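A short write-up of the structure that comes next.
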Amino acid sequence: MDIIEEKQQTGSIIVTTQYPIAKWHHRMPDSTMADAICDRLTSKAYKFNMKGEQSMRIKNQKSQDK
Numbered sequence: 008m009d010i011i012e013e014k015q016q017t018g019s020i021i022v023t024t025q026y027p028i029a030k031w032h033h034r035m036p037d038s039t040m041a042d043a044i045c046d047r048l049t050s051k052a053y054k055f056n057m058k059g060e061q062s063m064r065i066k067n068q069k070s071q072d073k
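So the sequence shown is residues 8 to 73, counted in my numbering.
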């Protein structure tokens with residue numbers, strides 16, 4: 008949280024994730040901290056949703072199932 012607060016005032020933070028922003032909250036155990044983190048990270052965010060081929064994890068699982 009300290010890093011987020013510091014960078015929010017002086018720099019940038021780049022976050023990459025495989026989860027949609029709407030599901031971030033459920034992945035954090037403390038709901039108060041989750042609120043604070045999500046608010047700070049998304050308040051002035053530029054969001055890019057990248058679409059492409061399936062992830063390597065899904066491809067590997069399919070090939071192992073054969």
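From the three backbone atoms N, C-alpha and C, an ideal C-beta is built for every residue, glycine too.
Everything numeric in this text was worked out from a predicted model, so none of it was measured.
Near Val22, what residues of its chain come up, given a Cβ to Cβ distance below 7 Å and the 5 sequence neighbours on each side ignored? Within the same chain, Cβ atoms closer than 7 Å to the Cβ of Val22 are found at Leu48, the five residues on either side in sequence being excluded.
DSSP state of Ala41 mapped onto helix, strand, coil: Helix.
DSSP-derived helix/strand/coil call for Gln68: Helix, per DSSP.
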